[in-house]
Amino acid sequence: MLAGQVLFLLGAVALSGLSPVNGAVSLTVDGLKATIKNDYLELNFNSQATISTVNVQGTNLAASGVKTFYLDWNSNGQGVFSPSSIHIVEQTSSRVHFYWLQENIDNVFSIQLHYVMEDDISGIYSYAKYINDKSYTVSLGETRMVYRFNAAILTQGTNQVRSGTTPTTVDLNQCTTVQDSTWEYPNGTYYSKYDYAAYIRQINYQGVYGNGFGAFVVSPSREYHGGGPLKQDLTVHQECLVANYFVSGHFGTPEVTAEPGWTHIYGPFLLYFPTGNDGSIVSAVENQVAAEQAKWPYSFVNDDEYPYYRGQVSGTVSGQKSATVVLWDSTGEEFDQQQLGYLYAAETDSKGYYAISNVRPGSYRIAAYPTAGLGSDSLDESTVTVTAGGREHVALTLTEPSNIIWSLGEANRLSSEFKYSDQPRNYQWEWVPPTENTFVVGSSNPKEDWYYAQSQTGSWYIKYQDAPDGNSRTLRVAIAASSKSHLQVLVNGHRVGDNYYDNDHAIYRSAMQSGQYTSNVFTVTNAQVVDGENTIEFHISIGQIMYDTISLQRG
């Protein structure tokens, strides 16, 4: 139980908060309804903890006629947050902290949905605490917060790496649906809600803006999200919607299955409402990101699940010029499939040094993988215990294969060196790569002659010069993404690989560089090598494949 809280049950007498004078924050509670405001912002919540109005300078930015500010999940059907009580944690003239509580629902997590408003910002902080207080495991496949705003006012969307006009329902009604939330316009171009997906640990904000107003989710930390360093998810899409996905399987991560006693805090993050012209709004958001990162971790949470005093893990990664370091505390899960705990990631600098600050105390697995070179199967791992105020040092080493005959791409778990991989996400690219393709080592160019994805059934070939020398060959084929695919690898007609891959949903949802990663190492015998031109065939009978790097090593 949180310290200093006051409980208001359904049917309680309405309570008025402090008067909003001199910039003070005020809260009014009426049963399960609540109104909170400061000098910049007023939010009116109904009894389901959703919003009726978001007033900024007298303008209501909330979408009308639809739910907004709602928390939901998917587990054998759609579930929607259903609170039974309101709790006030803190109420002063400078800060108000309260939450709704959902509990006592079979096969569903108990959830606290928190809001915190301070007197000096045009915004409100939020986080959700999930608790398995059952005597059995509880699962969900997806859970998120969804914010719908007035599409007539906030016409532009951004996720920090991409910006543009968000289509309305009227726009999309003129289009033809081609697949899940993907439409073809009359002019032959496409729009999909997946166009604005992003690598969530590489962005700190997503939102909508226009006509003098903005509405953004600002995330100073992504420690609470499931998935690894390359986790992708939806951010903004049609009809002025902003989403913060806590858990999803959109690009291959699994559902949450939590044992009794499990708890997790998703957030906190800031819902920020700047004003001004478009350029000044984006600048204000970027400045606010820096301000929130300086405050992290927040002092207002006051929960054992969210420690304020934290530690640092730093060290070096040798053997490779650049690497990603991953630190995660759900030690029974692999980092790119983790959902139960908290995860941090950092890139090494030019000297191989990395540092991860504000790490929650606890026991962690730590791993490094290359983001350069050809060691697609190289991974070093250790363990570390983090204490409040502690500074831990972990050195890791990655191996780089030698005696490379030829290679395509770099080992970074991305298809970023291949054709079209640098294009904005869009459904059109899936159909551009050819069914048959030949790459000739020594004359072909990876950026022009090898594509970001083998997205249609057929065969791609690599031709190269070699000769038997008494040594076997090691063929590394690193898969950056796969969509329920069957890949056969043949060297001079000899099958050396015959693999089936799971569906990470990435390629047909407009991912351009990755989904879920798989490292393959195949052996080519000396007898399978011919003198002169050799041919490797990559044959897909079903599904789609995205390659990270392919290399052939002598020995």
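Just so you know, the sequence shown maps onto residues -23 to -1, 1 to 532 in mature numbering (1 follows the signal peptide of the UniProt record, and there is no 0). Yeah, the Cβ is synthetic: ideal placement off N, Cα and C, and Gly gets one too.
Own chain, CB closer than 6 Å to residue i, minus 5 neighbours either side, in chain order
| i | result |
| --- | --- |
| Ser355 | Pro347, Leu375 and Thr376 |
| Tyr162 | Cys152 |
| Thr212 | Asn136, Tyr173, Ala175 and Gln183 |
| Tyr283 | Ile242 |
| Glu514 | Ser436, Tyr438 and Leu467 |
Cα-Cα separation, residue i to residue j
| i | j | result |
| --- | --- | --- |
| Leu464 | Asn497 | 11 Å |
| Met523 | Gln442 | 25 Å |
| Tyr341 | Leu373 | 15 Å |
| Gly56 | Ile82 | 11 Å |
| Tyr494 | Ala455 | 8 Å |
| Tyr428 | Ile527 | 13 Å |
| Ala39 | Ile65 | 24 Å |
| Asn32 | Arg486 | 35 Å |
| Ser334 | Gln431 | 39 Å |
| Thr145 | Pro423 | 39 Å |
| Val473 | Leu529 | 13 Å |
| Ser359 | Val371 | 8 Å |
| Val(-3) | Val85 | In this prediction, Val(-3) scores a pLDDT of 45, lower than 50, which makes its location untrustworthy; no coordinate-derived value is stated. |
| Tyr76 | Tyr222 | 19 Å |
| residue 541 | Val290 | One cannot answer for residue 541 here, as it falls past the ends of the chain, which runs -23 to 532. |
| Arg125 | Cys217 | 6 Å |
Element boundaries [beta strand (DSSP E), containing residue i]
| i | result |
| --- | --- |
| Pro347 | Gly339 to Pro347 |
| Ser487 | Counting along the chain, Ser487 falls outside any beta strand (DSSP E), and DSSP gives it neither H nor E. |
| Ala332 | Tyr330 to Val336 |
| Ser169 | Tyr167 to Ser169 |
| His64 | Ser62 to Gln68 |
| Asp49 | Tyr47 to Asn51 |
| Tyr524 | Gly509 to Arg531 |
| Leu414 | Checking the sequence, you will find Asn at residue 414 rather than Leu. Asn414 -> beta strand (DSSP E) spans Asn414 to Val417. |
| Tyr76 | Arg72 to Gln79 |
| Arg450 | Arg450 to Val468 |
| Val185 | Tyr182 to Gly187 |
Residues near residue i by beta carbon distance below 7 Å, same chain, minus five either side
| i | result |
| --- | --- |
| Ser260 | none |
| Asp426 | Phe416 |
| Glu200 | Tyr319, Leu320 and Tyr321 |
| Ser462 | Tyr478, Ile517, Ile519, Gly520, Gln521 and Ile522 |
| Gly435 | Thr412, Glu413 and Ile517 |
| Asn469 | Gln505, Val507, Asn511 and Thr512 |
Beta-carbon proximity check, residue i vs residue j, cutoff 8 Å
| i | j | result |
| --- | --- | --- |
| Asn380 | Arg531 | yes |
| Thr240 | Lys111 | no |
| Met122 | Val2 | no |
| Gln270 | Pro197 | yes |
| Thr27 | Thr12 | no |
| Lys170 | His202 | no |
| Ser460 | His482 | yes |
| Gly187 | Ile130 | yes |
| Leu391 | Gln490 | yes |
| Gln209 | Ile180 | no |
| Val336 | Ala323 | no |
| Glu236 | Asn109 | yes |
| Val185 | Val219 | yes |
| Arg368 | Gly288 | yes |
| Ile63 | Leu20 | no |
Residue i: first and last residue of the uninterrupted alpha helix (DSSP H) it sits in
| i | result |
| --- | --- |
| Thr146 | Thr146 to Leu149 |
| Met255 | In the sequence on display, residue 255 carries Asp and not Met. Here the alpha helix (DSSP H) through Asp255 covers Asp255 to Lys272. |
| Pro423 | Pro423 to Asp426 |
Between the region 227 to 236 and the region 311 to 318, do at least 3 Cβ pairs fall closer than 8 Å?
yes
Counting pairs of beta carbons, one from the region 44 to 64 and one from the region 101 to 121, are three or more of them closer than 8 Å?
yes
Contact between the region 236 to 253 and the region 133 to 147 is defined here as three or more beta-carbon pairs at a separation below 8 Å; is this criterion met?
Under the Cβ criterion (8 Å, minimum of three pairs), the region 236 to 253 does not count as touching the region 133 to 147.
So, does the region 350 to 370 touch the region 286 to 301, judging by three or more C-beta pairs under 8 Å?
Three or more beta-carbon pairs separated by less than 8 Å link the region 350 to 370 to the region 286 to 301, which places the two stretches in contact.
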